[in-house]
Amino acid sequence: MMSDLNKLTIAEARDALRKGDVTSVELTEACLSAIDAADALGAFVHKTPEIAMDRAKAADARIKAGDAPDMCGIPVGIKDLFCTEGVPSQAASKILEGFKPEYESTVSGQLRDAGAVMLGKLNMDEFAMGSSNETSTYGNAVNPWRAGNSDAALTPGGSSGGSAAAVSADLCLAATGTDTGGSIRQPAAFTGTVGLKPTYGRCSRWGIVAFASSLDQAGPMTKTVRDAAIMGAAMMGHDPKDSTSADLPVPDFEALLTGDIKGKVIGIPAEYRMDGMPEEIEKLWSEGTAMLKDAGAEIRDISLPHTKYALPAYYVIAPAEASSNLARYDGVRFGYRAKLAQGDGITEMYEKTRAEGFGDEVKRRVMVGTYVLSAGFYDAYYNRARKVRALIKRDFDEVFHEGVDAILTPATPSAAFELGQDVSDPVQMYLNDVFTVTVNLAGLPGVAVPTGIDRNGLPLGLQLIGRPWEEAELLNTAYALESAAGFVEKPARWW
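Pasting the structure below:
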């Protein structure tokens with residue numbers, strides 16, 4: 000048992016810590032050695048073993064004293080998008096090379112204050128732009144799962160690919176992720192883990208490197224729904240430093256996990272039946288629907304008519320906000336600065352620094368964003384996308400108003416695909432977000448739950464979408480789905 004401590008869930012570890020069966024130092028050592036043996040996964044990009052051991056010792060003392068919160072002593076990984084004091088925080092971009100913030104993001108600070116142990120920073124797509132973790136300055140993160148008898152490296156999904164790979168491979172008990180268009184839920188589905196994207200405003204965005212400020216939301220990536228409830232509660236809460244943070248109490252989500260969903264209404268949206276959707280995803284969806292029905296829920300067919308405009312609206316709004324947010328990376332105050340030639344002025348410094356510091360996908364989105372915000376095109380693109388966004392939100396509002404409690408959809412259009420596939424058409428990659436972006440546009444909570452495996456033995460997930468601020472009810476429905484699906488598979492170790 001003692002050598003497999005890194006395989007514990009948060010709930011199991013918490014209970015073992017309280018009983019005195021295990022110490023945080025032992026848990027942390029087990030994770031650190033798992034991390035050191037897993038470089039092939041490219042998940043941890045800045046290891047912080049000294050910080051981890053210091054926090055583990057402090058957590059053990061706090062648990063002994065008898066007043067420790069649930070996350071105390073739990074070893075976690077932090078996505079490289081969260082600023083962590085004195086530790087490189089690069090958002091997986093060359094342009095932030097050498098940046099060590101003097102402050103801690105609110106979310107990682109709340110976890111630290113709850114006694115959680117930071118093991119290090121996790122790989123991701125550059126500035127959270129990507130669905131396959133192939134745009135990182137550190138190189139790819141790799142999915143611990145393999146298809147059938149193939150040795151081909153698979154994507155762990157993006158942008159929180161390092162977080163998903165690390166949790167799935169038991170390198171940490173849980174990890175933080177962020178979700179702008181599916182970046183928690185899609186990688187969770189690709190790795191057989193649970194990913195919760197809270198309601199917009201539930202988690203503070205302060206100290207998290209911004210991609211698209213009206214869409215970004217942090218959340219937990221965990222092994223189980225119960226763990227998402229425990230860690231989620233520790234990450235959420237009001238923050239006066241974030242003007243979009245909601246001043247609402249955070250319930251004890253774990254205490255509300257009854258698994259009882261009798262009489263709850265689950266909506267099945269017609270518009271999510273995509274042409275060319277793999278049969279296995281279709282089958283998974285109908286099996287998940289049947290599981291919820293067997294658990295006592297009422298299943299209702301619903302319509303979300305503006306779904307078909309979600310991807311185009313997202314890929315106008317998100318790049319527009321990114322082009323504004325990324326303007327601050329100019330080589331002046333922090334991060335990377337290009338080497339300048341004799342006679343180069345400030346304009347050349349900006350141009351060379353950005354040309355060398357940003358990767359292709361980030362440049363692509365910045366250019367799209369700057370274009371849709373430019374004088375002649377603002378109304379045609381950005382303003383129209385904002386109106387479409389309002390219609391998408393209204394679709395959900397109407398369905399919830401008619402008594403639907405949660406909506407069940409696929410999480411991804413496929414299982415994890417191979418890394419290094421020639422994606423010469425970026426739009427092909429953007430289609431990965433087809434089931435997830437609506438949730439960000441409407442600001443709703445969503446959770447991906449692993450519910451099955453495909454014919455190659457790869458995990459597949461379903462998504463539940465909840466009413467705003469009702470994460471407790473959403474997690475309870477997810478708990479019922481998880482219990483019925485009984486997903487227990489783990490990747491076979493090759494790394």
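Numbering that gives the first Met the number 0 numbers the first residue of the sequence shown as 0 and each following residue consecutively. Virtual Cβ for every residue (Gly too), placed ideally from N, Cα, C. The structure presented is a predicted model; accordingly, all values stated were derived computationally and were not measured.
- Rounded to whole angstroms, the separation of the alpha carbons of G342 and T352 is 16 Å.
- Taking the CA atoms as reference points, F43 sits about 32 Å from P250.
- A direct Cα-Cα distance of roughly 7 Å separates R388 from A309.
- In this structure, Y271 is the residue among D432, P318, Y271, A296 with its C-alpha nearest to the C-alpha of W284.
- Excluding sequence positions up to five before and after A384, its CB lies within less than 6 Å of the CB of A312, V315, I316, all in the same chain and listed in chain order.
- DSSP places H400 inside the alpha helix (DSSP H), whose first and last residues are 383-400.
- Residue burial is scored here from C-beta neighbours: K78 has at least 16 other C-beta atoms within 10 angstroms and is therefore classed as buried.
- Inside the stretch 264-310, DSSP marks whole beta strand (DSSP E) runs of 3 or more residues at positions 264-268, 297-301, from first to last along the chain.
- As far as DSSP is concerned, D359 takes part in no beta bridge.
- Contact between T198 and G442 holds, since their C-beta atoms are separated by about 6 Å, short of 8 Å.
- Spatial neighbours of T411 in its own chain (CB-CB distance under 6 Å, excluding positions within 5 residues in sequence) are listed in chain order as Q185, A188.
- Take S322, set aside five residues on each side of it, and the residues of its chain with a beta-carbon closer than 7 Å to its own are V365, G368, T369, L372, in chain order.
- In this structure the stretch 152-160 does not touch the stretch 390-397; the number of beta carbon pairs closer than 8 Å is below three.
- In the structure shown, K351 falls within a helical segment according to DSSP collapsed to helix, strand and coil.
- The Cβ atoms of P87 and K120 lie closer than 8 Å to each other.
- In this chain, the alpha helix (DSSP H) harbouring A228 covers 224-234.
- Around the beta carbon of G200, a 10 Å sphere encloses 16 or more other beta carbons of the protein chains shown; the residue is thus reported as buried.
- Per the DSSP secondary-structure output, M117 pairs in a beta bridge with V75.
- According to the DSSP assignment, T408 belongs to the beta strand (DSSP E) that extends over 405-409.
- Within the stretch 115-159, the complete beta strand (DSSP E) segments at least 3 residues long are 116-121, listed from N- to C-terminus.
- F98 and I345 have their C-alpha atoms spaced approximately 21 Å apart.
- Its chain contains Y271, F434, Q462 as the residues whose beta carbon lies nearer than 6 Å to that of T408, once the 5 sequence neighbours on both sides are disregarded; these appear in chain order.
- E101 and F333 have their C-alpha atoms spaced approximately 12 Å apart.
- Residue pairing by DSSP places I452 opposite P458 in a beta bridge.
- Taking a C-beta distance under 8 Å as the contact criterion, D226 and A10 qualify as a contact pair.
- Around the CB of G266, 16 or more other CB atoms lie within 10 Å, so the residue is classed as buried.
- With contacts defined as CB atoms closer than 8 Å, N142 and G41 fail to qualify as a contacting pair.
- Counting only runs of 4 or more residues that sit fully inside the stretch 26-110, the alpha helix (DSSP H) segments are 48-64, in chain order.
- Between N148 and G375, the alpha-carbon positions lie close to 54 Å from each other.
- Put simply, the backbone Cα of M273 is about 27 Å away from that of A151.
- As the crow flies, the alpha-carbon of G65 is around 35 Å from that of P467.
- Cβ-Cβ separation between L480 and M220: approximately 17 Å, too far for a contact (criterion under 8 Å).
- The Cβ atoms of T306 and P268 sit closer than 8 Å to each other.
- Counting every other CB atom within 10 Å of its CB across the protein chains shown gives E417 a total below 16, marking it as exposed.
- DSSP places V166 in the helix class (H, G or I) of the three-state scheme.
- According to DSSP, A173 shares a beta bridge with V75, T221.
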